[in-house]
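Trainee: Residue 575 in the working numbering sits at position 553 of the sequence shown; the count goes up by one each step and never skips. For each residue, glycine too, the CB sits at the ideal point set by N, CA and C. These numbers come from a predicted model, not from an experiment. Can you read through this structure? Questions will come right after.
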Amino acid sequence: MENSPPSRILDEVSDADSDLEELQGDIAKFDESVREFLASQRGTSDVPRLSRGTSRGRGLRGPRKAAKPRGDITARLSKVNQAFLSGDYEQAMDLAFEVIRINAETHQAWTALASIFRERGEIDRALSAMVYAAHLRPKDVSGWLRCASFALDSITGEDDEPGNLHTARLCYSAALRADPTNIEARLSKADVCHRQGHLSAAITEYNTVLKRRPYDLDTIRKLAEACIDSKNAATLMPSAINAYRHYFDHAMREMQHEAQDILWHDVGIYVGLLAQVERVQEAISELKRLSRWLLGRSAETFWDNWRDDDREWDILDNRRVSVPEFSHLATNSTQFGQSLPLDLRVRLATYRLRNGDYSEAMKHLDHLDPDDPSTTAFADDFTFLIYDLGVELGKNSQASRAIRYFELLRSMPGDPDAAVLLQLGRCYLDTGESAMAEEYLLAALDADEDNIDARIELANMYEKAREDEEALILAAEALALRGVQDQDHFINDADIGKVRIRPSASRKQRDLQRRFQGGDNADRSNLIGNGTRRPAIPRRHRSKKLAGPDRRQEDEQIRALKLSQQYAIVRDLKQRISEGHKELIPDWMASSKELVDDFRSLKRFYSWDNYLRFLGSKVLLHKSSANQPETELSQMYQRLTRSIAPPSEQSSHTSAIPSLATHQGISFDDWLDLFLDYAIGLAIAHRRQEAYQVCQAAKDSTVFQSSKHGFIIHVAWSVCAIYTNDEERCVAIARHLMRDGATTDSYRMFSLLSMLCQSPASWYTSGPAQKYILRQIKAIDVSHEAAAVRRGGTGENEEAGDLTSLDIDICLLMLYGHILFTSTSYSYSLGYFLRARSLDPTNAMINLSLGLAYVHYGLKRQSSNRQYLILQGQSFLSLYARQHANGDDYALAERYYNMGRLFQLLGIGYLSSAYYAMALDICKNGGGSRDLSALILANTLISLLTVGNNDVALSVLRNNLKL
């Protein structure tokens, strides 16, 4: 044994040895407690006070030191390791859980468990085990860092990212609590905060790192990127500017010339930060100073005296020779303009345009021909610089030249960028080409449905062209979008006419939005592309108002052809789904949505109020006018509303259904079927609000105003409410059908909808429902009394026999009686049941309801004459049972079953069993249904067991049980 390896010795540890080690551990714990007690009696403390909290005076602080594992724990951990190394993960996991069951604070068990889960591919469980192990050693910084790194490495998709980033951030925070000086943990935490979109926290961490390492260029770059991405960029940008300035001041003193070439990129970031905080002149000066230093000419400070021009960076020496200090230099002219990178030259041109130095900017732009292939390559790497240049050219009345640069951006591969299309539209508008401007602005809306500036430009164009209706719609949409964005703190109302290219909220979202890859990471975030979030305004077809008649007719023909093809696709998909191809439902829903949205987007099918509701802007418009100062946009909306909306509102009340029976070759009945099928599909997918909106849109349309259409819409609406389990909506629709129809079927519909919706009877028996139905009964009674008075009577002394001539629906009386019955108002329900019986004495349902109402009323504690009420109920139920079913065995079996339930309720077991037996015999002979047989059998067994006839119950069960 002495020569055996340690692993073999551990393999041969017996249970007796484990018990001995456990006993020794218990003895050691007892000895320790004795020593602690003796030390406390002497007034000293030789051991840490584990069971007491932190004292106010002296004493140990922080977590206690982990105790050495007992012998049995050590032995089990050894077996865990052996099983893991041999690949038996199941046994290793069982042994590790056994150790945790004995002592959950065993660090080695949790680390072993994490390794097991990692090998098994259970990443989430592995991460949880690692985090728990790290909590057991909170001062172990390396443990927290390993947990955080594992959490970040485990991100495989969008679903994993939020949770894993949160876990990693908590781990880095714990590492910083253990060691606040750990730079790695602080930088990693800042990176995680940046990925989460918590930019203020990331900037704080970066600044903390820079206090200790002020010349860390990577950290400065990350700080600059976070500042640009932040919504409070103007407030936070100075920290990045100061960090770059300190770095460049240090680099100019200490850095070797060979290492300077890598800094051209950072010079661009630095001057871009200055320009974004409106320090344009300083950006120009710093760009020239740092570029001179990078070219080895930092001693030529005399160029700083030429602030109004950039002759230092001309390609030729024509202007430089007029500088006295330059004429005495023996330098190569290539160290001037030819050595300046093109991206910095474009920045100089842009900043000069921003300062109003147009002639100086043009000298730089002579080297950036949009038709040159090298310019195309440059634009592919520095898209944001070309965009900024085009914007400044447009502001300086150089729309024609700006169009060339924007067309260069538009021709780049990838999806069209809404910001570029918007600027092209503005430039063509400045050149007087309204049709081209309209085309580009509409293309910008297609690329970004939430674009406010494109709507404002189009609204202004249409108002000038006397297309007031479309202008009003666009103004309403813009106001609605502005209200949504104001709620999200995206834009400021003071910047209505100002173009703002905003950075995205998170690094991930920004990366998704960018469609260009090269150039400056910090400045690239200025130009955002198209996100994937759902637009706040529904997409609608927008016809060209300023194009020629031929072009407009051609567009309408293309659109009509597209809609007819789309409708054919929808019909084909619906047919295939009805044949069992359920996997086609998403495609059918998407195709139906396009058609429904297209129909809803047409103003001629809706009144102004309903159309604004479709746009989602009506409520926001009222809030905007009430709570915010007037702007040019709101003034335009009010002006257009006064000139258009009132006549439209007056005509909307009298508007008739259009004379045509079709739209785009599709009949309006087919359009309605499409609406309702799509709404029910949304309800089945548990998208309640969208389903209701589609039903509301069908109801509001001026082409679906007939009673037939209204009935179909409300029936489909009720189906949506049933699928989404909306009992309140079910009752509201049923009340609407009763109000419009006031027929027997409408009263039955109320009960049916309340029964189909799986919810308590609270809405069925609610106060509003009772009052509504009672008002209908009272209205009928009042009309009857008035008719009696006209006939010469008093209306109060009518004979009972004359009640049969009363024109009142029995279902209405029964419905109200059942509502009262369900709400346990039995005494009140009897009055309405008796009124119904006076109109139809032979109705079996009335006799059943009367009998049950009397019996339940007699069983109430407040009943005054219990025996009389129960006997009265039995008499009506006897009449119910004796009524012939005209040969219908199922109805007879149902009567016997109901009678059995009555006597079972009263506790008369032998009578209930007799009726159940008769009903069961009818069912066995084919007169009942399987469900009724099951109910009878279940109640028979309950009745027999209640009176103690266990043997008979067993016999019945054996005779009727089918396995």
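Sort Asp803, Ala754, Ser776 by Cα distance to Pro790 and report the nearest one.
Mentor: Here residue 790 corresponds to residue number 768 of the sequence shown, with the count starting at 1. Comparing Cα-Cα distances from Pro790 to each of Asp803, Ala754, Ser776, the minimum goes to Ala754.
Trainee: Near Ser723, which residues of its chain fall below 7 Å by C-beta distance, leaving aside the five closest residues on each side in sequence?
Mentor: Mapped onto the sequence shown, residue 723 falls at position 701. Cβ neighbours of Ser723 beyond the five flanking positions: Phe627, Tyr628.
Trainee: Comparing C-alpha positions only, which one of Gly880, Leu704, Arg710, Asp695 sits nearest to Ala720?
Mentor: Here residue 720 corresponds to residue number 698 of the sequence shown, with the count starting at 1. Residue Asp695 is the option with its Cα nearest to Ala720.
Trainee: Using three-state DSSP, classify Ile688 as helix, strand or coil.
Mentor: Locating residue 688 in the sequence shown gives position 666, counting from the first residue. It is a strand residue.
Trainee: Taking only three categories from DSSP, how would you classify Met434?
Mentor: Along the sequence shown, read from residue 1 onward, the residue named residue 434 stands at position 412. Reduced to three states, the DSSP call for Met434 is coil.
Trainee: Just the C-alpha distance for Ile425 and Pro392, rounded to the nearest angstrom, thanks.
Mentor: Locating residue 425 in the sequence shown gives position 403, where the first residue counts as 1. Locating residue 392 in the sequence shown gives position 370, where the first residue counts as 1. The straight-line gap from Cα to Cα measures roughly 10 Å.
Trainee: With 16 other CB atoms within 10 Å as the buried threshold, where does Lys800 fall?
Mentor: Counting from one through the sequence shown, the residue named residue 800 turns up at place 778. It is exposed - the Cβ of Lys800 has fewer than 16 other Cβ atoms within 10 Å.
Trainee: Helix or strand or just coil, what does DSSP make of Trp315?
Mentor: Within the sequence shown, residue 315 is the residue found at index 293, counting from 1. If DSSP states are grouped into helix, strand and coil, Trp315 belongs with the helices.
Trainee: Am I right that Ala256 and Val299 are in contact with their C-beta atoms under 8 Å? What's the rounded C-beta distance?
Mentor: Within the sequence shown, the letter at position 234 stands for residue 256. Within the sequence shown, the letter at position 277 stands for residue 299. That belief holds up - the Cβ atoms of Ala256 and Val299 are roughly 6 Å apart, short of 8 Å.
Trainee: Tell me the rounded alpha-carbon separation between Gly185 and Leu117.
Mentor: Residue numbering aside, residue 185 sits at position 163 when the sequence shown is read from its first letter. Residue numbering aside, residue 117 sits at position 95 when the sequence shown is read from its first letter. Answer to the nearest angstrom: the Cα atoms are 29 Å apart.
Trainee: Give every residue of the same chain whose Cβ lies closer than 6 Å to the Cβ of Ala459, excluding the five residues on either side of it in the sequence, and list them in chain order.
Mentor: Here residue 459 refers to the residue found at position 437 of the sequence shown. Result list for Ala459: Gly447, Tyr450, Leu451, in chain order.
Trainee: Comparing the C-beta of Leu464 with each C-beta of chain B, is any distance below 8 Å?
Mentor: Reference to chain B is not applicable here, since this structure consists of a single protein chain.
Trainee: Less than 8 Å between C-beta atoms, sequence neighbours within five positions excluded: which residues of the same chain meet that for Gly949?
Mentor: In the sequence shown, residue 949 corresponds to position 927, counting from 1. Correct list, in chain order: Asp911, Tyr912, Leu914, Ala915.
Trainee: Assuming Phe855 contacts Gly880 under a Cβ cut-off of 8 Å, what Cβ separation, rounded to an integer in Å, is found between them?
Mentor: Residue mapping note: residue 855 aligns to position 833 of the sequence shown, counting from 1. Residue mapping note: residue 880 aligns to position 858 of the sequence shown, counting from 1. No, Phe855 and Gly880 are not in contact; Cβ-Cβ is about 15 Å, not under 8 Å.
Trainee: Looking only at its chain, what residues have a beta carbon closer than 7 Å to the beta carbon of Ile145, apart from the 5 residues adjacent to it on each side?
Mentor: The residue given as residue 145 occupies position 123 in the sequence shown. Here the set comprises Ser176.
Trainee: DSSP state of Ala321, grouped into three classes?
Mentor: Locating residue 321 in the sequence shown gives position 299, where the first residue counts as 1. In the structure shown, Ala321 sits in coil (DSSP, three-state: anything other than H, G, I, E or B).
Trainee: Using the beta-carbon count (16 or more within 10 Å), is Phe106 buried or exposed?
Mentor: Translated into the one-based positions of the sequence shown, residue 106 becomes position 84. By the neighbour-count rule (16 or more Cβ atoms within 10 Å), Phe106 is buried.
Trainee: From what residue to what residue does the alpha helix (DSSP H) around Tyr890 run?
Mentor: As a first step, residue 890 is located in the sequence shown; it is residue number 868 there, counting from the start. Per DSSP, Tyr890 belongs to the alpha helix (DSSP H) from 888-904.
Trainee: Helix, strand or coil, according to DSSP, for Asn482 in the structure here?
Mentor: Counting from 1 along the sequence shown, the entry for residue 482 is found at position 460. Three-state result, Asn482: helix.
Trainee: Give a yes or no on whether the C-beta atoms belonging to Ala156 and Tyr194 are separated by under 8 Å.
Mentor: As a position in the sequence shown, residue 156 is number 134, starting the count at 1. As a position in the sequence shown, residue 194 is number 172, starting the count at 1. No, the pair does not count as a contact, with Cβ atoms beyond the cut-off.
Trainee: Which word fits Val804, buried or exposed, when buried means at least 16 other C-beta atoms lie within 10 angstroms of its C-beta?
Mentor: Stepping through the sequence shown from its first residue, residue 804 is reached at position 782. The residue in question, Val804, is exposed, as its Cβ has fewer than 16 Cβ neighbours within 10 Å.
Trainee: Within a Cβ cutoff of 8 Å, which residues of the same chain sit near Ser646, ignoring the five residues on either side of it in sequence?
Mentor: Working through the sequence shown from its first residue, we reach residue 646 at position 624. Any reading at Ser646 needs caution, since the residue's pLDDT is 47, under 50, leaving its predicted position unreliable; the model's value is listed next. The answer, listed in chain order, is Leu501, Arg504, Gly505, Ser656.
Trainee: Taking the CB atoms as reference points, tell me whether Glu382 and Arg369 lie closer together than 8 Å.
Mentor: Residue mapping note: residue 382 aligns to position 360 of the sequence shown, counting from 1. Residue mapping note: residue 369 aligns to position 347 of the sequence shown, counting from 1. Not closer than 8 Å, so no.
Trainee: So, at 8 Å on beta carbons, what are the nonlocal neighbours of Ile122 in its own chain, with the 5 sequence-adjacent residues on each side left out?
Mentor: Position 100 of the sequence shown, counted from the first residue, corresponds to residue 122. The residues are Thr128, Ala131, Trp132, Leu135.
Trainee: What is the C-beta distance between Phe690 and Val725, in whole angstroms, given that I count them as a contact (C-beta under 8 Å)?
Mentor: Here residue 690 corresponds to residue number 668 of the sequence shown, with the count starting at 1. Here residue 725 corresponds to residue number 703 of the sequence shown, with the count starting at 1. The pair is a contact, with the Cβ atoms about 5 Å apart (cut-off 8 Å).
Trainee: If we count the other Cβ atoms within 10 Å of its Cβ and call it buried at 16 or more, is Asp437 buried or exposed?
Mentor: Here residue 437 refers to the residue found at position 415 of the sequence shown. It counts as exposed.
Trainee: Give me the Cα-Cα distance between Leu317 and Gln507, rounded to the nearest whole angstrom.
Mentor: To locate residue 317, count along the sequence shown from 1; it is residue 295. To locate residue 507, count along the sequence shown from 1; it is residue 485. Taking the straight line from one Cα to the other gives about 46 Å.
Trainee: CB-CB under 7 Å to Asn982, same chain, minus the five flanking residues each way: which ones, in chain order?
Mentor: On the sequence shown, position 960 is the one that residue 982 refers to. Around Asn982: Leu959.
Trainee: Answer with buried or exposed for His216, where buried requires no fewer than 16 other C-beta atoms within 10 angstroms of its C-beta.
Mentor: Walking along the sequence shown from the start, residue 216 turns up at place 194. Looking at its Cβ environment, which holds 16 or more other Cβ atoms inside 10 Å, His216 is buried.
Trainee: Do you know how far the Cα of Gly219 is from the Cα of Ala196?
Mentor: Locating residue 196 in the sequence shown gives position 174, where the first residue counts as 1. Locating residue 219 in the sequence shown gives position 197, where the first residue counts as 1. Whole-angstrom Cα-Cα distance: 20 Å.
Trainee: Suppose you measure from the CA of Pro160 to the CA of Ala200; what does that come to, to the nearest Å?
Mentor: Translated into positions along the sequence shown, residue 160 becomes position 138. Translated into positions along the sequence shown, residue 200 becomes position 178. Cα-Cα distance, rounded: 7 Å.
Trainee: Return the chain-ordered list of same chain residues with a C-beta closer than 6 Å to the C-beta of Val442, the five sequence neighbours on each side being excluded.
Mentor: In the sequence shown, counting from the first residue as 1, residue 442 sits at position 420. Closer than 6 Å at the Cβ level, and outside the excluded window around Val442, lie Phe428, Leu431, Arg432.
Trainee: Using the Cβ count rule (16 or more neighbours within 10 Å means buried), how would you classify Leu966?
Mentor: Stepping through the sequence shown from its first residue, residue 966 is reached at position 944. Buried, because 16 or more other Cβ atoms sit within 10 Å of the Cβ of Leu966.
Trainee: Please state the DSSP three-state secondary structure of His220.
Mentor: Position 198 of the sequence shown holds residue 220. Looking at His220 - three-state DSSP - the assignment turns out to be coil, as it is neither helix nor strand.
Trainee: At what residue ranges does the stretch 605-639 contain a whole run of the alpha helix (DSSP H), taking only runs of 4 or more?
Mentor: Qualifying alpha helix (DSSP H) stretches, in chain order: 607-622, 630-637.
Trainee: At 3 residues or longer, and completely inside the stretch 722-773: list those beta strand (DSSP E) runs for me, N to C.
Mentor: The qualifying runs do not exist here; there are none.
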